[in-house]
């Protein structure tokens with residue numbers, strides 16, 4: 001099961017909390033190692049177990065970027081709906097860091113809470 005399945009069934013507040021905190025914990029680990037996932041979306045947030053013993057894992061590391069020596073990343077990648085605005089600025093030439101993953105997680109939070117995506121142009 002993934003976060004998309006939880007969105008479809010209308011998540012409880014406890015489920016929302018566990019999914020978001022579990023995914024944030026995974027991102028904290030990645031970011032601590034200087035990696036940026038760059039494709040955080042419901043399908044890449046895997047969920048197993050019961051609500052009381054929920055296990056959340058991140059998946060699909062095909063677009064991971066490495067910020068060697070503090071260097072920033074460039075270029076849009078990932079799923080458009082979940083991309084942070086800075087990934088698309090200046091035709092993808094603007095530098096960005098790990099905050100793009102947090103933006104994507106925020107989009108998932110909005111979906112879990114309200115079953116809505118952010119406004120898009």
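Residue numbers (UniProt numbering): 1 to 121.
No residue lacks a Cβ here, since even glycine has one placed at the ideal position from N, Cα and C.
Asked	Found
In the DSSP assignment, find the unbroken alpha helix (DSSP H) run with residue 25 in it and report its ends.	13 to 32
Taking the C-alpha atoms as reference points, what is the distance between residue 40 and residue 53?	23 Å
Measuring only the C-alpha atoms, how far is residue 95 from residue 71?	9 Å
Report, in whole angstroms, the separation of the C-beta atoms of residue 56 and residue 19, which I expect to be a contact under 8 Å.	6 Å
In its own chain, which residues sit with a C-beta less than 7 Å from the C-beta of residue 113, not counting the 5 before and 5 after it?	16
Could you check whether residue 100 and residue 64 sit closer than 9 Å to each other, using their CB atoms as the reference points?	no
In the DSSP assignment, find the unbroken beta strand (DSSP E) run with residue 52 in it and report its ends.	Per DSSP, residue 52 belongs to no beta strand (DSSP E) and is neither H nor E.
May I ask you to verify whether the stretch 104 to 112 touches the stretch 80 to 94, counting CB pairs closer than 8 Å and requiring at least 3?	yes
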